[in-house]
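**Q**
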Amino acid sequence: MTAAIYIDPLAIHPVIDGEWHRTRLTEIPVPGQVITMLCGASGAAVFELAGERRRRQIPRQCERCDAIYRHEQGIPPWQDRISRR
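Below, the structure is given as structure tokens:
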């Protein structure tokens, strides 16, 4: 008998040097597989429990990945959304 664990590749946000990124994954990478982020940074995939994400430090968002993602999705830059209030 198996116990399926479903993971959404769109919800994966890899962390490199304390910064979380966005990437275009269509499947779950295998450990060691090099993945490239929207900003161009790349790294080998490793898997850890979610609780480990904040144990070392609280990751910050990659501003370049966010800008690219927002542009691709037609979402205004966060600076525009804040200044229009």
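All residue numbers for the sequence shown refer to this note's numbering, where the first residue is 569 and numbers rise by one. The beta carbon of each residue, even a glycine, is placed where N, CA and C say it ideally should be. It should be emphasised that the depicted structure is a prediction, and the values quoted were computed from it without experimental measurement.
How big is the Cα-Cα spacing for residue 582 and residue 619?
**A** Approximately 14 Å, taken between the alpha carbons.
**Q** To the nearest angstrom, report how far apart residue 599 and residue 593 are at their CA atoms.
**A** Going by the C-alpha atoms only, they are around 14 Å apart.
**Q** Going by the DSSP bridge assignment, what does residue 588 pair with across the sheet?
**A** BP columns for residue 588 point to 583 and 629.
**Q** Would you mind working out which of 625, 585 and 576 sits nearest residue 597, comparing C-alpha positions?
**A** Of the candidates 625, 585 and 576, the one whose C-alpha sits nearest the C-alpha of residue 597 is 576.
**Q** So, at 6 Å on beta carbons, what are the nonlocal neighbours of residue 611 in its own chain, with the 5 sequence-adjacent residues on each side left out?
**A** Excluding positions up to five away in sequence, the list reads 584.
**Q** Give me the Cβ distance between residue 636 and residue 617, rounded to the nearest whole Å; I'm assuming they're in contact under 8 Å.
**A** Incorrect: roughly 28 Å between the Cβ atoms, too far for contact.
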